[in-house]
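Novice: Before we start, here is the structure in question, set down as C-alpha cells.
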C-alpha cells in the first residue's frame, strides 16, 4: 500500500469518528465522494419515506446526518471503539463493540470502500443489540 493510500485510510478512520462524535456532519460529509452510497437500516427510521435504507449522493447523506444526528446525539459522545481497524488499501472496516468499559452501546461494524481518498460506498452492519434497539424491543440483555 502506498504511503498516500495509507494516509488517506488513517485520515478517514480518524476523522469519520471524530466528526460524527462531535456532531460535525459537514466535516463528515467532506469525507464522501459526491456520488457516494451509504447503506444503513437507520436511514429507514431517520428519513420519512426512505424504505430501502440506501442513501445515494451527498444530498441524501446530508439529510440523513441532520435527521439522524438529532435523534442520536445523546449517545454519540460515548461511542467507543478499540482503535483497531482493518484495510487492504481499498476497503476500511472497524467495529463499535456492544460491550465497552462504560457499559453496553449500539454494536456496529463500519465497512467503507475508499477511492481517491474519499468514501464511495459505506455499509453499516448492526449487531443483535443494535437491531433490538432499532426494532424498539426496549429490552436490554442482562449480563
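Numbering (the working numbering), first residue to last: 36 to 178.
Note that beta-carbon positions come from the ideal geometry of N, C-alpha and C, so glycine has one too.
(1) State buried or exposed for residue 61, treating a residue as buried only when at least 16 other CB atoms are found within 10 Å of its CB.
(2) With DSSP run on the structure shown, which of helix, strand or coil describes residue 167?
(3) Does DSSP put residue 37 in a helix, a strand or coil?
(4) Use the C-beta contact count for residue 70: other C-beta atoms within 10 angstroms, 16 or more gives buried, fewer gives exposed.
(5) Out of curiosity, what's the CA-to-CA distance linking residue 102 and residue 56?
(6) Given a cut-off of 8 Å, decide if residue 122 and residue 44 are closer than it, judged by their beta-carbon atoms.
(7) Quick one: which unbroken beta strand (DSSP E) runs of 3-plus residues sit fully inside the stretch 36–81? Chain order, please.
(8) Is it buried or exposed, residue 145, if we count other Cβ atoms within 10 angstroms and call 16 or more buried?
(9) Within its chain, find whatever has a CB closer than 8 Å to the CB of residue 142; leave out the 5 residues flanking it on each side and keep chain order.
(10) Would residue 88 and residue 75 qualify as a contact pair, given that the criterion is a beta-carbon distance under 8 Å?
Specialist: Working from what's here:
(1) Residue environment for residue 61: exposed (fewer than 16 other C-beta atoms within 10 angstroms of its C-beta).
(2) helix
(3) coil
(4) exposed
(5) Computed Cα separation, rounded: 15 Å.
(6) yes
(7) 67–74
(8) buried
(9) 130, 131, 132, 133, 161, 162, 163, 164 and 165
(10) yes
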